[in-house]
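Under UniProt numbering, the first residue of the sequence shown carries the number 1, and numbering increases by one thereafter.
Structure record follows, encoded as C-alpha cells.
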Amino acid sequence: MNWLLVGASNVAQEWIISAIRAVGDEVTGIVSNDLVRAQDFACKQNIQKFSHDLKYALYDNEVDAVYISSANSLHAEQAMIALKAKKHVMCEKPMALSISDAQQMIEQAKIHQVVLAVNYHLRNSAVIQKIRELIANNCIGEVQNIRFCHAVSLPKNLQSWRIHTPSEGGVILDITVHDIDTLRFLLNDEPISVSAMAQTGVLSPNNVPETVMGTIEFAKGALVSFYDSFTAQYFQTSIDIIGTKGNLQASNTLTQHAIGELHLNNDKGCQRIPIEHHNLYVSSFQQFKNAIQNRGRPAATAYDGLRSLEIALAIQQAIENKKHISLTFGESLCF
1 MNWLLVGASN
11 VAQEWIISAI
21 RAVGDEVTGI
31 VSNDLVRAQD
41 FACKQNIQKF
51 SHDLKYALYD
61 NEVDAVYISS
71 ANSLHAEQAM
81 IALKAKKHVM
91 CEKPMALSIS
101 DAQQMIEQAK
111 IHQVVLAVNY
121 HLRNSAVIQK
131 IRELIANNCI
141 GEVQNIRFCH
151 AVSLPKNLQS
161 WRIHTPSEGG
171 VILDITVHDI
181 DTLRFLLNDE
191 PISVSAMAQT
201 GVLSPNNVPE
211 TVMGTIEFAK
221 GALVSFYDSF
231 TAQYFQTSID
241 IIGTKGNLQA
251 SNTLTQHAIG
261 ELHLNNDKGC
271 QRIPIEHHNL
281 YVSSFQQFKN
291 AIQNRGRPAA
301 TAYDGLRSLE
311 IALAIQQAIE
321 NKKHISLTFG
331 ESLCF
C-alpha cells in the first residue's frame, strides 16, 4: 500500500514513516503548504514525490492512503479532499475543530467506502492495554477514581501554532484529547460531565491554554481528575486508578515511546506487572492496514475521534464559562 503524507511534521519524520515501512507499506509522496519544506523533507526521508498542492498529489493513482499531520485547523479540509478522492485516511488528532466537520468526514468515508481513523497512539501502548485488561478482568474491582497526569515540557521546535494560535486549541486539543480517548478505552465507558480551569502566559503571548486541570465523570461512576500541561519541566507522566479491590499505578506511560511501568497494589501487597513493550505506531498502522483489508478495525475509529472532540470542546466550554458541563450524545453519532 502506498501512502501520501500531508504535513511535513515532526511526528511524521520521527515516528510515522518508519511505522508505515515497518508494516510493509511505502511512503510515495509528501505535501506541505511550503514547497521548499516539502522538497527538503522528501530528500531527507527518501520520498520520491513532493508537492504543495494536495488535490494535484491525489491525482496519483498509486496513492492508496493519506496520513494527515498538519496544523489542527487544516485537518478537516484536507481529510475531506482525500476522502472524496476515495483514499483511506489516518488523521492526527483532533480530527477537526468542530463537531459538524467531524460528522461530515465520517459521512464522506461512508459514501466513498474508505477507512477513516484517528491516530490516538496511546491505545497501542502495552501498559495502557494491560491496564484495560486488568480492569476488564475485575482485578481491582469497580473503578472509583483515576488521577491522570499528562504534563510535558513542549519542545522549542513545536512551539509554533500550538501556543500562538488560539483557534488551534492549545493543550486541550493537543494533549487533553489524548486523555479523553485513553480513558474511554480503559474504562469502556462514556463521560457524562466535565469541569475544568486553565492557565496561560508562560509560553503563549496570545492567551492560548498551556495548562489545564479538571474532572471528568463517567457513566458507570468513575470520577477522574486530569492535569495536562506544556510547561511541566522534569515531570514524569502517570496514571493512578483506585478500585474497590485494589489500585493500579502506571508511571512514564503517556508517551510516544514504548516504555513505562505498571504496579498492582492489593491485599497481597505491591507487585510489578510484566509488560512486553512494542512500537505504538507500528501497531496503529498495522491495525489500520488490517481494517482496509477487512481483517479488523482501526485502533481508534472516526467515531472515537468524534467522541474525544465533543468532550474536549465541552472542556473548553467549561473553562470559558466557568461552569460544570453535562454531556449528551445523540443517536445520530452512532454508526
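Glycine included, C-beta positions come from ideal geometry on N, C-alpha and C.
- In the DSSP assignment, I68 is bridged to V6 and C91.
- Here A196 is near I315, since their CB atoms are less than 7 Å apart.
- The shortest C-alpha to C-alpha distance from Q45 to any of P205, Q159 and S9 is the one to S9.
- When the alpha-carbon of L186 is set against those of E210, F148 and V208, the nearest one is in F148.
- The segment 309-326 makes contact with the segment 194-214; the number of CB pairs closer than 8 Å reaches 3 or more.
- The DSSP-derived three-state label of V194 is strand.
- In this structure, DSSP gives T176 a helical state, which the three-state scheme calls helix.
- Separation of the CB atoms of Q256 and W15 is rounded to 6 Å, and the pair is thereby assigned contact status at 8 Å.
- Looking from the CA of Q233, the closest CA among P298, K156 and S32 belongs to K156.
- For G214, DSSP records a beta bridge to A196 and F226.
- Q78 is not a Cβ neighbour of L97, given a cutoff of 7 Å.
- Secondary-structure assignment with DSSP links K49 through a beta bridge to G29.
- In terms of Cα proximity to H150, the closest of Y227, M80 and Q108 is Y227.
- Looking at the DSSP output, R272 shares a beta bridge with H263.
- Selection D25, L134, N61 and L35 evaluated against N290 yields D25 as nearest (Cα-Cα).
- Take the alpha-carbon of N145 and the one of I172: they are about 21 Å apart.
- Under the three-state reduction of DSSP output, C139 falls in the coil class, being neither helix nor strand.
- In the three-state reduction of the DSSP assignment, V127 falls in the helix class.
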